[in-house]
Structures are given as structure tokens and as C-alpha cells.
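So the structure is just underneath, and the comments pick up after that.
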Amino acid sequence: MRNFTFTFLFIFSVISFVNSQSIVTTSTQYRNAVLEVYTGITCQFCPDGDAISEQLRTDNPERVVSIDIHQGGYAVPTGSQPDYRTSFGDALAGQTGLSGYPAGSVNRHVFPGYSVTGVGRGDWGAEIPQVLQEQSCVNVGFTSTFDTTSRLLTVNVELYYTGNSNVATNYINVALVQNNVIGYQTAGGTNGTNTNTYNHMHILRHLLTGQWGDAVTTTTQGTLIQRTYTYTVPASYISIPCVISNCDITVFVTESHQEIITGVEDVAVNGSHDGSTSLYTADLLSPSVDFVEGTQSVNQAFPFTFTSTLAGTEDFTFTVTSDAPVDWTSTLNINSTPYSNPATVSLDNATDYIVSIDVVPGSTAALATYTLTVTSVNNPLAQPKTAEIYVISGITDLIVKGSGSWGDGNSYNFDQEYIDALTGTGNTSFAGTSAPIMVKGFNANALNGVNNLFMNIAWTFPSFTDEDATALINFMNNGGNVFVAGQDIGWDIMSGSGYGTTITSNLFTNYLHVGYSADGGTTNNLLTATTDYIFKTTPNSSVVDVYAGNMYPDQLTATGGSIPIFYYNNLTTKIAGLRFVNSTYKVVYLGAGLEMISNVAVRNQIIKTSHDWFYGLLTDAEMVFTNDNLNVYPNPSNDVIFIESPSKQHSVELIDITGKTILSSDSEGSLMKLDVAKVASGIYTVKVINEAGTSFKRIEIIK
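Add 952 to the 1-based position in the sequence shown for our numbering, that's all there is to it.
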């Protein structure tokens, strides 16, 4: 029978001195991130979750605490497979709201834009930095010893409250986790080789303080709590040896059973941690609105509130960096006084200073990020304070990188394929961003000028978060057009084996109007156009593996009025692409990533055709921008163009890249002159309507 006892040393009153404190630091510290990962041995994407977790730990040394909880159907072993489950897993998972595996809970916090704490692995990297920027109201320290004869583990825990907790009762949680457990794991990706030699890390073995922790009922500033926990560690857990030298102790404090304030970890044998994370130097409160739709030559102020938490007067250096175009300007002001960038300023403790970044967009269209970084001059090792603001001006089209993680855990970047293709359309008002930033922009009502989204999902999981999907649905309901490309999107959302949710399924079926048929393979290696009016002149192209042996171009079905535009290998049973149009929005969807289309000219043409169709430059009855009987010259032109048509009665429109008619005229002769002297440089379309129908010609105006 296991020996499971608590020994408590309570200090329930607010203490004005801390001379009895022996482990924990009393200086104010930043919060640490506690990442609880829900995983399983037969979960094919869980190795990628492990890789992401380890990378986050590497990127944030001693600031990310990991606990891997084997739970759910993927954790159930068959045959000789190992069983890493505990009695705690189901209840822990139950409070997360997770919808797929692996899922992770960062400090059991519901982040803005989410309704649950359990999120996909693609979201952890965005959530953890938010936690690491915040002050902890409590410091957590501990020491641990292990008696090799009795296998008695003793953990002494100290808490020191540097501020008041948000709630009256907190809970101490002490976890025993085991590393370097070699055992079975289903391979990563959707088609790999399973292994019996996978190195499992951070496996939850036991919670010394029970399911939800040990209550602390005095949680006000200056309080010191000291408690001791003992636990007899078994030689094995369900036939898996517990090698104590491979074990860690994790101690974290929660508000109720949800919000984790902070946590620390160290080895189980003679481990110790004094609660130091990084010295907390100041509060930096972001503006209430941090994403705006700017206007050329109009100033937009972003006021931050900065408050030093260091005693006396401290020198701080303020630095503003940006990816804005050179014709955009920004200024740094502190309490309305302009400063050079960077600026070092002496500031008093506990005094609020208004630090403003003022941005004036130029004529160049852009979505710009401005980052404010503040460092303490006398504490150079302390974590800097950082915050970002976003300004969009003149942008009509967005390339959006998916929010998920790469399917095989490797790192890829296919942004340039989209940039090159959109550049080829003549569009000069597009920008690139990520799905989380896109969601932020929509939530701030800052993307009103965006007409089209080009979703570069590639091969990432989850393909769409609920927040991504909700933003897209709202965008489409308001007349926005969407291009989507990527492999395994249908499999992820609709197969039942991925991250599909009610919201993402609704997006896929009822808005993108795509059905999922099968998870394709390497035999889907040729993209061929159908007889669709819009895309029928697209040449064939090979579809190739760009993911190191992971090639899964989805086979699709038409649904809800969508039209096949591409097949694989010219087989009508293997739909590779669809388009959809109603009175509100248009969609182009590819079951393979744009990057998988090997012929650069073909993928550029697909984007150009989609772009022009979105802007109304192509209609279902009007296919191409060429007509042997229509002559437009000179091309390029700088002052005048002539339109020669076989019909003596026709109307002419000059349309810009956004679909706006710049000039229009009617003629009763076969030759017409159009004055373009006052038209700006760019790519334009000449649209001619006569009794034979509608014809188009592309023309360039150069000044």
C-alpha cells in the first residue's frame, strides 16, 4: 500500500517580515508558463506536439514548465503497448474543453478569442509569451529529497505573496513527472513508421497534492506559506519502471481549479528552486485598441501606460521597431514629450507614465507592426517588457498564413509563392500576415478595406481554429472572397481523426462549399483543369511532394452548388479544386497546397485567375483576357490608348486592379480613343462590350 501523507506548516496571517522564509525569493517575479499537454501513444500528431513543447522550453529557458498527461482514446494501449495513464487524467482533460489531440492548456487560461483552455499545438507558441510578460502575485519555491531505501519522496514548498491574489483561496499542486521513458509511439504525420523506441518526456506520474491541489486560504501580499508533502514512490507504474533519477518535481499554484498563476520545476532527487523566474521591473499596459485601420497622412496615437515596480528612480530604455514602409513615420512620446528612438529616461517608482507611439501612414499600402521594448538599464538580465500594435492602410488583399503547426514537425515557409503570384497580378495593395493577427484585426474592426483573403494553409494542423473559422465566416457574410489551398484540410476537419469542430465543419461545408472524399496520396500527381469557364485554360502541372515523403492532396466532392475546376490526373472521380459563388461571396479551394504545384507559371495563373474573378474581371460567361478580334494599343501606354473592335457599337471600361471602373465611354465607330493621361501607373483591364459579347484586354500604363 502506498504511503501518502501530508505534513503542513501553516502561516495564515499576513506577515510583515519574512525572516522565517528559507527557500523562496521575496522580490517580485514574472509568471512562468505551465503547459499541460494531453497526448497519447497512438496519436499520430502527438510527436509534433512534443517537438513544439520542447522547442518552447528551449526558446524560453527555465520559464516553461511541461506536464504530459496521457489521456483519452489515443492513450489506451493494445497488446504489449505501454500504459502511461493516471487516475487524474480524465478529470484534468474534462475541464479543458479540448477537441483533438494533442491539445495543450497554457496556465489553464482562456485566452482572448477562445472559449476553452485546451487548444491545438499551433496556438501554444502564441499563448505562452503572453503569460511570460505578466507579473506573478506569488513566488513558488521548493526543495525535494528522496530516500533510496524507503523510496520516500519529501517536497518542502514555500509560497511568498508579493501581491494580492485575485481570489481568496489558492491551491498548491505538486506533480511527479518522469522523463526518458522509452516505449511505443505512433509515427508523426499521417503516414509514417511506428516505433517502440520513442523517448517520452514529462509524463505525469502522480499528483502529491491530489486531483486539484492543497488549499491556501490566506493569499494577500506579504503572506508566507510553508508546507511539506511526502509520497512513497512505487517501483513502477502499470509495469513501467519509475526511475527516480529521470523524474522531476513540478510545483504550481492555481486559482480555484483553473487559472495557474505560476509554476517551477527541478529534479526530484535533491532538487530545489527559489521561485526566481525573471525580475519584474515594470507594468506595461497596452492601449485599449492595438489594431487600427489607418489613413494616409493622418496621425494615429497608441497610448501605453508604463509604471516602474523598482524602488526609487530607475533608468529605462524605450525602443520602437517596425516593419513599416519607409514613407510611414512614427514618433515616441513620454508624457507628451517627444523623444528620440531609442530613448533612455529616468522614471520614478509607482508612477504612471503615458508612453505613446504615434503612427502616420504614407502612400505605400501596408500592414505594419510596431514593437515597443522597454529594458531596465541597471537590471540588464531582467526580462524586457514588450508589446505590439498594428496599423493597416491601403490594403485590399491579405495573404494569411495558417495558425497551425507543420504536419511533420519540420519548419517550412511558402509565403514567397503567394507573394510572387499576387505580384504577377499587378496588385500593389496586398500584404501578408498570420491567422492570429488576422483574427485580431477582424475583432478590432480594422480590416474593412480588405476584399480578398488568400489562405496559405499548406500542411498545418489544425487547419483552422474555431477563431479562424468564425472570422472567415463573418468576412464572407459581409461580402469577402476567400482562396484556400492546402493538403489534409478536409482530412483534418471532416475525417474524424483530426481537429475538426462544429464551427470548422460549418466553414468547410456551408461556406467553402467543399466535401471531403479521401486522403489522397502520391498517385494524385497531376493537376488538370476541368471545362469550367473560369479555369479551363489553366495548363496541366505536376503535383509534387514538398514535405519530405508526406504527400496527401485531398480528394474533394462538390457540395452546395460548388463547381469542380481541377481534377487529379484528369479523373472526374478525383476532384482537386472547386469554386463557389453566390450573391455575397466567392470561393476558390484547392485540395493541395499552392507550393505543391510544381509549374510556377501554372500556380501563378491560378492565383491570377482567382484574383481577377474575385474582382469581377472574369465572369462565368467570359473566360479570357484575350480576343483575336479586339486590338488595344499602344501597350504599354502613358497618355492615350486606342481600342479597335469589329463592332461599330460598343462600350468600353478601364478597370483597375481592385475592380473599380476608372474610365468608361461609348462608341459608334470601330476605332475608339481613350485618354489615360491622368490615370496612375499600373496594370489595368480594358473591358469591351458589344453585340458579340464581352471581351477583355490587359494593359499597362507607365508614367
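Think of the CB as a built atom: it goes at the ideal place given N, C-alpha and C, for glycine as much as any other residue.
| Item | Value |
| --- | --- |
| Reduced DSSP category for Asn1285 - H, G, I as helix; E, B as strand; rest coil | strand |
| Contact check, Thr1048 vs Gly1070, beta carbons under 8 Å | yes |
| Residue range of the alpha helix (DSSP H) that includes Thr1149 | Unbroken run through Thr1149 is the beta strand (DSSP E), 1147 to 1152; no alpha helix (DSSP H). |
| DSSP three-state assignment for Ala1398, whether helix, strand or coil | coil |
| Whole-Å CB distance - Val1343 paired with Val1244, under 8 Å assumed | 6 Å |
| When Gly1448, Ser1249, Thr1269 are compared against Thr1233, the one with the closest alpha-carbon | Thr1269 |
| Collapsed DSSP secondary structure at Asp1011 in the structure displayed | helix |
| Rounded straight-line distance, which links the Cα of Gly1246 to that of Leu1281 | Contrary to the premise, residue 1281 reads as Thr rather than Leu in this sequence. Cα-Cα distance, rounded: 12 Å. |
| Per DSSP, the bridge partner or partners of Cys995 | Its beta-bridge partners do not exist; DSSP assigns none. |
| Cβ-based neighbour list, Cys1089, same chain, cut-off 7 Å, excluding 5 preceding and 5 following | Tyr1113, Thr1114, Gly1115, Asn1116, Ser1117, Ile1213 |
| Run of the alpha helix (DSSP H) containing Glu1369, from where it starts to where it stops | 1367 to 1375 |
| Boundaries (first-last residue) of the beta strand (DSSP E) holding Lys1560 | Element bounds for Lys1560: not the beta strand (DSSP E) but the alpha helix (DSSP H), 1552 to 1566. |
| Element boundaries [alpha helix (DSSP H), containing Met1624] | That residue, Met1624, is in no alpha helix (DSSP H); its beta strand (DSSP E) goes 1623 to 1627. |
| Ile1659 versus Arg1157, Lys1649, Ile1635, residue with shortest Cα-Cα distance | As displayed, the chain neither begins before 953 nor continues past 1655, which places residue 1659 out of reach and without an answer. |
| Segment limits, alpha helix (DSSP H) that includes Met1428 | 1418 to 1429 |
| Distance CB(Asn1091)-CB(Thr1202) smaller than 8 Å | no |
| Residue from His1158, Ile1549, Ile1196, Ala1334 whose Cα sits closest to the Cα of Ile1021 | His1158 |
| Cβ pair Gly1024, Ala1045 closer than 8 Å | yes |
| Nearest candidate by alpha-carbon position, reference Ala1320, set Thr1490, Ile1341, Asp1300, Asp1310 | Ile1341 |
| Coarse secondary structure for Asp1279, derived from DSSP in three states | coil |
| Separation of Ser1386 from Thr1354, as counted between CA atoms | Reading off the sequence shown, one finds Gly at residue 1354, where the question assumed Thr. Whole-angstrom Cα-Cα distance: 6 Å. |
| Residue nearest to Gly992 in terms of C-alpha spacing, selected from Ala1120, Val986, Tyr1136, Glu1266 | Tyr1136 |
| Minimum C-alpha distance to Ser1469 - residue among Tyr1504, Val1352, Pro1081 | Tyr1504 |
| Pair within 8 Å by beta-carbon distance, His1563 and Asn1331 | no |
| Cβ neighbour criterion (16 or more within 10 Å) applied to Ile1134 | exposed |
| Whole-angstrom distance between Asn1301 and Leu1262, CA atom to CA atom | 6 Å |
| For Phe1460, three-class secondary structure by DSSP | helix |
| Residues of its chain near Lys1655, where Cβ-Cβ distance is below 8 Å and the 5 sequence neighbours each way are ignored | Asn1590, Ala1632, Ser1633 |
| Local Cβ density within 10 Å of Ala1187, reported as buried at 16 or more and exposed below that | exposed |
| Assigned secondary structure, Val1250 (DSSP; H/G/I helix, E/B strand, else coil) | coil |
| Environment of Ile1306 [buried if 16+ CB atoms lie within 10 Å] | exposed |
| Collapsed DSSP secondary structure at Ser1665 in the structure displayed | Here the chain covers residues 953 to 1655 and nothing more, so residue 1665 does not appear. |
| Beta strand (DSSP E) segment containing Arg1179, residue limits | 1176 to 1184 |
| Close Cβ partners of Gln1210 (< 6 Å) along its chain, the five nearest in sequence each way excluded | Arg1060 |
| Cβ-based neighbour list, Thr1142, same chain, cut-off 8 Å, excluding 5 preceding and 5 following | Caution is warranted here: a pLDDT of 45 is assigned to Thr1142, below 50, making its placement in the model unreliable, and no coordinate value can be reported. |
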